[in-house]
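Worksheet for the structure shown next.
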Amino acid sequence: MSWMPDADQETPVEDRDVTADADARAESDEHRSDDGTDGESTPAPVPDETLIAAVELAREALQEITPASTVGEPAGHVVVDDHVVSLLFANTMAGYPGWFWTVTLSRTADDAAPNVLETELMPGDGALLAPQWVPWSERLADYRAAQEAAAAAAADDALDDADDTDEFDDDDVALSGDPRDRDRDGIELEYDEDDVDAASDDSDDDSDDDDSDEDDSDEDEDSDEDDDRFEDE
Numbered sequence: 001m002s003w004m005p006d007a008d009q010e011t012p013v014e015d016r017d018v019t020a021d022a023d024a025r026a027e028s029d030e031h032r033s034d035d036g037t038d039g040e041s042t043p044a045p046v047p048d049e050t051l052i053a054a055v056e057l058a059r060e061a062l063q064e065i066t067p068a069s070t071v072g073e074p075a076g077h078v079v080v081d082d083h084v085v086s087l088l089f090a091n092t093m094a095g096y097p098g099w100f101w102t103v104t105l106s107r108t109a110d111d112a113a114p115n116v117l118e119t120e121l122m123p124g125d126g127a128l129l130a131p132q133w134v135p136w137s138e139r140l141a142d143y144r145a146a147q148e149a150a151a152a153a154a155a156d157d158a159l160d161d162a163d164d165t166d167e168f169d170d171d172d173v174a175l176s177g178d179p180r181d182r183d184r185d186g187i188e189l190e191y192d193e194d195d196v197d198a199a200s201d202d203s204d205d206d207s208d209d210d211d212s213d214e215d216d217s218d219e220d221e222d223s224d225e226d227d228d229r230f231e232d233e
């Protein structure tokens, strides 16, 4: 029969250092990887000096895919993994600036001979690359969008021109037949009615003077005709 504590009896608790437990958990978290597993930092691969020195083997492999004249001087190496190294050579072909001939070598053990895994022409930093391929459907969509935008812009321009024309016509309709209502070079002309009346009176006086001169001329002609008849008699 198991022992059960009384309701008024305290349960014994172990005397533990809570702060120490928290520090231990934090230290454990520092060594835990992102995927939740206990892990340590992966050591960097060790350069294999034998593979790095296998330059002639790499050149022979390149001559199987390209003329020897296109392969320049060694341009460095990249340690891919333990016992795996890529040797780089300058490329002398025109049209491929910044590209390198690359030969990847490997071996299974420290006492094994190097083997060629692959040979290829790879771009380096700043190499001249072809533009990224874009599917025809995307290029067609971009073209149609550009055409629609151009058509919309042309329609807006035509609408603006029509509005300007309507405003000009409205101004013309608002003008009366009096030429004084029209502006000259955008300057609104104002006329004094008294000056207009005075100008009209002057015009009438000039007309009367012209009529008087015509009457005097007629009288002179009649007098000359009478004198001629008198002399004939």
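All residue numbers for the sequence shown refer to UniProt numbering, where the first residue is 1 and numbers rise by one. C-beta: ideal position from N, C-alpha, C; glycine also. Small disclaimer: the values here were computed from a predicted structure and weren't measured.
Quick one, which of the options has its alpha-carbon nearest residue i's?
| i | options | result |
| --- | --- | --- |
| Leu51 | Asn91, Ala113 and Gly124 | Ala113 |
| Trp101 | Ala75, Gly126, Asp110 and Val80 | Ala75 |
| Leu62 | Trp136, Ala153 and Leu121 | Leu121 |
| Asp110 | Val134, Asp82, Leu159 and Ala58 | Asp82 |
| Asp119 | Glu60, Ala152, Ala155 and Pro43 | For the record, residue 119 in the displayed sequence is Thr; it is not Asp. Ranking Glu60, Ala152, Ala155 and Pro43 by Cα distance to Thr119 puts Glu60 first. |
| Val116 | Pro135, Ala44, Thr42 and Glu56 | Glu56 |
| Asp125 | Tyr96, Ala145, Ala152 and Thr108 | Tyr96 |
| Val107 | Met93, Val80, Ala94 and Thr92 | Strictly speaking, residue 107 in this sequence is Arg, with Val absent from that position. The candidate whose alpha carbon is nearest that of Arg107 is Val80. |
So residue i and residue j are in contact, right, with Cβ under 8 angstroms, and what is the actual spacing, rounded?
| i | j | result |
| --- | --- | --- |
| Asp48 | Val78 | With 8 angstroms as the limit, Asp48 and Val78 do not qualify as a contact, their Cβ atoms being about 12 angstroms apart. |
| Leu105 | Ala54 | 6 angstroms |
| Ala58 | Val103 | 4 angstroms |
| Gly98 | Pro67 | Incorrect: roughly 20 angstroms between the Cβ atoms, too far for contact. |
Where does residue i fall in DSSP's three states?
| i | result |
| --- | --- |
| Ser41 | coil |
| Gly36 | Caution is warranted here: a pLDDT of 49 is assigned to Gly36, below 50, making its placement in the model unreliable, and no coordinate value can be reported. |
| Ala75 | strand |
| Ala22 | Summary for Ala22: the model assigns pLDDT 48, below 50, so the residue's position carries little reliability, and this model does not support an answer. |
| Leu159 | helix |
| Thr50 | helix |
| Val55 | helix |
| Leu87 | strand |
| Asp81 | strand |
| Trp3 | Legend: pLDDT at Trp3 = 45, less than 50; position of this residue unreliable, no value from coordinates given. |
| Leu62 | helix |
| Thr70 | helix |
| Leu117 | strand |
| Trp136 | helix |
Label residue i either buried or exposed according to how many other C-beta atoms from any shown protein chain fall within 10 Å of its C-beta, with 16 as the threshold for buried.
| i | result |
| --- | --- |
| Val46 | exposed |
| Ala22 | Confidence at Ala22 is low in this model, with a pLDDT of 48, below 50, so the placement of that residue should be treated as unreliable; the coordinate-derived value is given next. So Ala22 ends up on the exposed side. |
Specify whether the segment 124-131 and the segment 66-73 touch according to this definition: at least 3 beta carbon pairs, one from each stretch, less than 8 angstroms apart.
no
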